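Following the working numbering, the numbering of the sequence shown begins with 415 at its first residue and continues without gaps. The block underneath contains the structure these notes are about, expressed in structure tokens.
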Amino acid sequence: MDFNIVAIIAVLVVAFLAGMESILDQFQFHQPIIACSLIGLATGHLSECIILGGALQLLALGWANIGAAVAPDAALASVASAIIYVKAGDFSTDGRNIAIAAAITLATVGLVTTMIVRTLSVVLVHQADRAAEQGNFRGVEFWHYVALATQGLRIAIPAGALLFIPSSAVQAALGSLPAWFTGGMTVGGGMVVAVGYAMVINLMATKEVWPFFFLGFALAPIKELTLIATGIIGLAIAVIYLNLQKNNSGGSGSNSGSGDPLGDILNDY
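This is how it looks when you write it as structure tokens:
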């Protein structure tokens with residue numbers, strides 16, 4: 415589908431905010447579930463984009479900056495894949511998996527744009543330094559805003575380029591894909607979500623939390639339990655666990671723990 419002018423402006427605003435939030439990390443506009451949902455709201459395909467955002471969010475849960483290793487760019491992946499998904503007009507499982515596969519590629523491309531913008535920001539910081547030497551506080555503030563705006567443009571410009579590609583061209587390109595490729599995307603799309611969740615488990619897995627994982631998997635297949643009910647059960651169990659842990663820590667004077675189980679575990683490592 416082609417977007418009207420209102421939808422185009424709304425999508426560009428979302429893309430700009432997602433780019434800035436990839437640095438600010440305050441309102442989480444760059445997270446897939448937020449960015450895709452807002453683009454779906456702007457284009458009239460909210461439910462479809464929420465499903466896409468949820469699938470991408472499971473993958474992005476395992477993305478994190480660790481030391482010098484920079485995580486894939488979730489902002490560009492979310493915005494661009496949602497635009498491609500809506501423009502293609504194929505809201506089936508195959509269409510969604512192709513969008514997910516495109517998101518993984520775009521997340522890697524986003525790393526390149528991030529490096530370019532961060533290199534440019536060095537020049538902008540020097541401008542802010544010159545303004546500071548002159549006692550020009552408004553100048554310092556101005557160059558900080560310019561540096562932040564470049565992060566927004568980093569996502570908004572590719573999003574604008576995708577918006578002006580005719581929907582017929584997107585549909586023709588995706589329609590020309592061979593059956594073996596789309597079939598592979600279907601299989602790979604399901605595996606990608608599992609890999610993202612496995613990365614999260616690998617980061618969180620300790621002997622204290624494994625029982626909660628097993629309990630969650632045991633409760634999930636019960637059809638009578640809604641997500642809200644499952645969440646309430648999990649919250650109640652977590653509160654009970656924390657209260658018992660607090661009582662055990664305070665009830666023994668010989669306990670050498672700090673009262674922070676996670677902190678004690680990390681200190682052991």
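The beta-carbon is built from N, C-alpha and C at its ideal position, and this holds for glycine as well. Bear in mind that the values here come from a model prediction, so they are computed numbers and not experimental data.
query, result
"Assigned exposure category for Tyr499 - 16 Cβ within 10 Å defines buried", "buried"
"Rounded separation between Ala449 and Pro486 - CA only", "16 Å"
"Backbone secondary structure at Val536 - three-state DSSP", "helix"
"Where the alpha helix (DSSP H) containing Gly630 begins and where it ends", "624 to 633"
"Proximity below 9 Å, CB of Val493 to CB of Ala573", "yes"
"Burial state of Val531, where buried means 16 or more other Cβ atoms lie within 10 Å", "buried"
"Ala652 burial status per 10 Å Cβ neighbour count (16 or more: buried)", "exposed"
"Assigned secondary structure, Ser590 (DSSP; H/G/I helix, E/B strand, else coil)", "coil"
"Range of the contiguous alpha helix (DSSP H) that encloses Ser506", "Neither: Ser506 is in no alpha helix (DSSP H) and is coded neither H nor E."
"Where the alpha helix (DSSP H) containing Gln565 begins and where it ends", "551 to 577"
"Outcome for Val428 when other beta-carbon atoms lying within 10 angstroms are tallied against a minimum of 16", "buried"
"Reduced DSSP category for Asp543 - H, G, I as helix; E, B as strand; rest coil", "helix"
"Best match in Phe595, Thr522, Ser495, Asp416 for proximity to Asp457 [C-alpha to C-alpha]", "Here the sequence assigns Thr to residue 457, which means Asp is not the residue at that position. Among Phe595, Thr522, Ser495, Asp416, the Cα nearest to that of Thr457 is on Asp416."
"Lys637 in three-state terms, based on DSSP", "coil"
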